[in-house]
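Enquirer: The structure under discussion is supplied below as structure tokens; questions concerning it will follow.
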Amino acid sequence: MNIKIFRNFSEIATLAPALKKDGRRLIPSDIGLIKNGSIVYNQEEILWVGPDSELPEDYKGIDSIDTTGKSCLPEIVDSHTHIVFGGDRAHEYSMRLNGATYEEIAAAGGGILNSMKGTNALSRSELLKLGQQRIRAIKSYGVGTIEIKSGYGLNFEKEYEISRIIHDLKNIVRPDVQIINTFMAAHAVPKEYASSYDYMKEVVLPLLDRLGEEQILDCVDIFHEKNYFSDEDVTSLFERAQRWNIPVKIHADEFNDNKGAILAAKYHALSADHLLSTGADGIAALKDSSTVATLLPGTGLFLGKTQANARAFLDAGVKVAIASDFNPGSCHCDNLLMVAALAAPIYKMNMAELWCAITLNAAHAVGIKSQGAIVPGLKPRFSIFNTDSIDRITYSWGKNLAI
Ligand SMILES: [Zn+2]
1350 MNIKIFRNFS EIATLAPALK KDGRRLIPSD IGLIKNGSIV YNQEEILWVG
1400 PDSELPEDYK GIDSIDTTGK SCLPEIVDSH THIVFGGDRA HEYSMRLNGA
1450 TYEEIAAAGG GILNSMKGTN ALSRSELLKL GQQRIRAIKS YGVGTIEIKS
1500 GYGLNFEKEY EISRIIHDLK NIVRPDVQII NTFMAAHAVP KEYASSYDYM
1550 KEVVLPLLDR LGEEQILDCV DIFHEKNYFS DEDVTSLFER AQRWNIPVKI
1600 HADEFNDNKG AILAAKYHAL SADHLLSTGA DGIAALKDSS TVATLLPGTG
1650 LFLGKTQANA RAFLDAGVKV AIASDFNPGS CHCDNLLMVA ALAAPIYKMN
1700 MAELWCAITL NAAHAVGIKS QGAIVPGLKP RFSIFNTDSI DRITYSWGKN
1750 LAI
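Just so we're on the same page, the working numbering is the position in the sequence shown counted from 1, plus 1349.
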């Protein structure tokens, strides 16, 4: 059976109580802390977890790994990234700090169309290589599952290529890292299309059909916002995704309260992401749904903007996740742990809410229900840190303690 045993972690956060509460309304003890804990598992599942002093006799004779001085949590999941892109937008970042407006940056050739150019300028193999490098960096912080969105090609051929690149990345890095392949050709409307409707009709929907047939997609996503994609575009995309049996996600209510959270709940989306402007009706809709509210604090920090009202979601009983939103324009940061550690005091999250947001709820936000807590029966996917105290992991901003 190939049983493996970690013995004597200084601390294990099982998140077992958080799992029982479906990741909602968590109090600090829902982190499920075990001191001097051990974990028994095989390739498929966790078999036992508890204080080492209670390790069953049957397991005592088996070779084990001594993990004294280290801490263990469910695997960290980055449930929202845009890491397949070419070029960077460092100059825009500097322009912004130096006082340029959004319009001035756009007039200087900045914005998402800048990344579209940079991405289209790179070959398939160059993008694949960059993707591998970025995944390696993300993994080094203790993140083991990464969702990757397409969306910087913005034409049929390049978007197809990017979705295939994400599929290749998935096969290259598994099983060490799990990749979730999210189709997001509906990221912005290229200038050559008169309307989002035309772009949907000519590129997004036919491409979804092609990739649906090839069965390589895990999720479908869309940027729902004024001057981007409308309610009708979301509806047509989600209904097409349903036909292919692919779960959906949505960039919702980032600049305005567009009722994106309500649309997400209506279509049983895995997650609604951003949510800076969501009203009470949107929060109420999410509370009664399985849709995870994914907050992206890095974007607000990077752009110097306000943050989502996390407590309103948490107190209402919504499932809340935090993701990095790593992308070239609005958050060029690949370190989810640092982003979450910076956000927790702003969001006024307790430690159970913080860890649940980047493990259990983040796994649910990408449709994975078989991990996110250290309990028998779930998959043995862990994040391990070189410290005897879980407190120190997020206390040490920007310091990498992952093993
Ligand atoms: Zn995004």
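Cβ atoms here follow ideal geometry from the backbone N, Cα and C, with glycine treated the same way. Nothing here was measured: the structure is a model prediction, and the numbers come from that model.
Kindly indicate which residue of ILE1376, LEU1382, ALA1456 has the alpha-carbon position closest to the one of ASN1699.
Expert: With distances taken between Cα atoms, ASN1699 lies closest to ILE1376.
Enquirer: Out of TRP1704, GLY1458, HIS1713, ALA1543, which one is the CA nearest neighbour of PRO1596?
Expert: For the residues TRP1704, GLY1458, HIS1713, ALA1543, the minimum Cα distance to PRO1596 belongs to HIS1713.
Enquirer: Should ASP1606 be listed as close to ligand 1, given that the test is whether its C-beta is under 6 Å from any heavy atom?
Expert: Checking the Cβ of ASP1606 against ligand 1 gives no.
Enquirer: Given this structure, state the Cα-to-Cα distance separating GLY1435 from ASP1683, to the nearest angstrom.
Expert: Their Cα atoms are separated by approximately 15 Å.
Enquirer: What residue does the beta strand (DSSP E) around SER1738 start on, and which one ends it?
Expert: Careful: SER1738 lies outside any beta strand (DSSP E) and carries neither H nor E.
Enquirer: Please classify TYR1577: does DSSP put it in a helix, a strand, or coil?
Expert: Three-state result, TYR1577: coil.
Enquirer: What does the alpha-carbon distance come out to for the pair ASP1630 and ILE1611?
Expert: Approximately 8 Å, taken between the alpha carbons.
Enquirer: Thinking C-alpha only, which one of GLY1653, LEU1644, GLY1666 is nearest ALA1634?
Expert: Nearest of GLY1653, LEU1644, GLY1666 to ALA1634, Cα basis: GLY1666.
Enquirer: When burial is assigned at 16 or more other CB atoms within 10 Å of the CB, is LEU1446 buried or exposed?
Expert: With fewer than 16 other Cβ atoms within 10 Å, it is exposed.
Enquirer: With respect to 6 Å, is the separation between the Cβ of ASP1674 and the closest non-hydrogen atom of ligand 1 below this value?
Expert: Yes, Cβ of ASP1674 sits closer than 6 Å to a heavy atom of ligand 1.
Enquirer: Do LEU1750 and PHE1734 come within 7 Å of each other at the CB atom, strictly closer than that value?
Expert: For PHE1734 and LEU1750, yes; Cβs fall inside 7 Å.
Enquirer: Pull up the DSSP beta-bridge partners for ARG1356, would you.
Expert: Bridge partners of ARG1356: ASP1415.
Enquirer: Go ahead and pull the three-state DSSP assignment for SER1585.
Expert: Of the three classes helix, strand and coil, the one that applies to SER1585 here is helix, per DSSP.
Enquirer: So LEU1357 and THR1450 are supposed to be a Cβ contact under 8 Å. How far apart are they, rounded?
Expert: Here the sequence assigns Asn to residue 1357, which means Leu is not the residue at that position. Actually they do not touch by this definition, with Cβ atoms about 56 Å apart.
Enquirer: Counting only the same chain and skipping the five closest in sequence on each side, list residues whose C-beta sits under 6 Å from that of ALA1670.
Expert: So the list reads SER1428, VAL1641, THR1643, ALA1706, ASN1710, ALA1711, ALA1714, once near-sequence residues are dropped.
Enquirer: Mind checking whether ARG1473 and GLU1510 have CB atoms under 7 Å apart?
Expert: Contact: yes.
Enquirer: As an exercise, report each continuous beta strand (DSSP E) stretch of at least 3 residues that is fully enclosed by the stretch 1653-1700, in chain order.
Expert: Runs found: 1669-1671.
Enquirer: Indicate whether ASP1737 and SER1359 have their beta-carbon atoms separated by less than 7 Å.
Expert: In this structure, SER1359 lies closer than 7 Å to ASP1737 by Cβ.
Enquirer: Run through the DSSP bridge pairs and tell me what ALA1535 is partnered with.
Expert: Answer is ILE1571.
Enquirer: By Cβ distance below 6 Å, which residues in the same chain neighbour LYS1598 in space, the five residues on each side in sequence not counted?
Expert: Same-chain partners within the cutoff: CYS1568, ASP1570, ALA1618, LEU1619, SER1620.
Enquirer: On the premise that ARG1730 lies in contact with GLU1424, defined as a C-beta separation below 8 Å, what is that separation, rounded to the nearest angstrom?
Expert: About 4 Å; that satisfies the 8 Å criterion.
Enquirer: DSSP beta-bridge partners for GLU1496?
Expert: According to DSSP, which records beta bridges pairwise, GLU1496 is partnered with ILE1529.
Enquirer: Cutting at 8 Å between CB atoms, please list the residues of its own chain near ASP1606, excluding the five before and the five after it.
Expert: Closer than 8 Å at Cβ, skipping near neighbours: SER1626, THR1627, GLY1628, GLY1631.
Enquirer: With burial defined as no fewer than 16 other Cβ atoms inside 10 Å of the residue's Cβ, what is the status of ASN1463: buried or exposed?
Expert: Per the 10 Å Cβ criterion, buried.
Enquirer: For ALA1642, which beta-bridge partners are listed by DSSP?
Expert: ALA1642 is bridged to ALA1621, VAL1669.
Enquirer: Excluding the 5 residues flanking LYS1575 on each side, which residues of the same chain have their C-beta closer than 8 Å to its C-beta?
Expert: So the qualifying residues of the chain are PHE1604, ASN1605, ASN1607.
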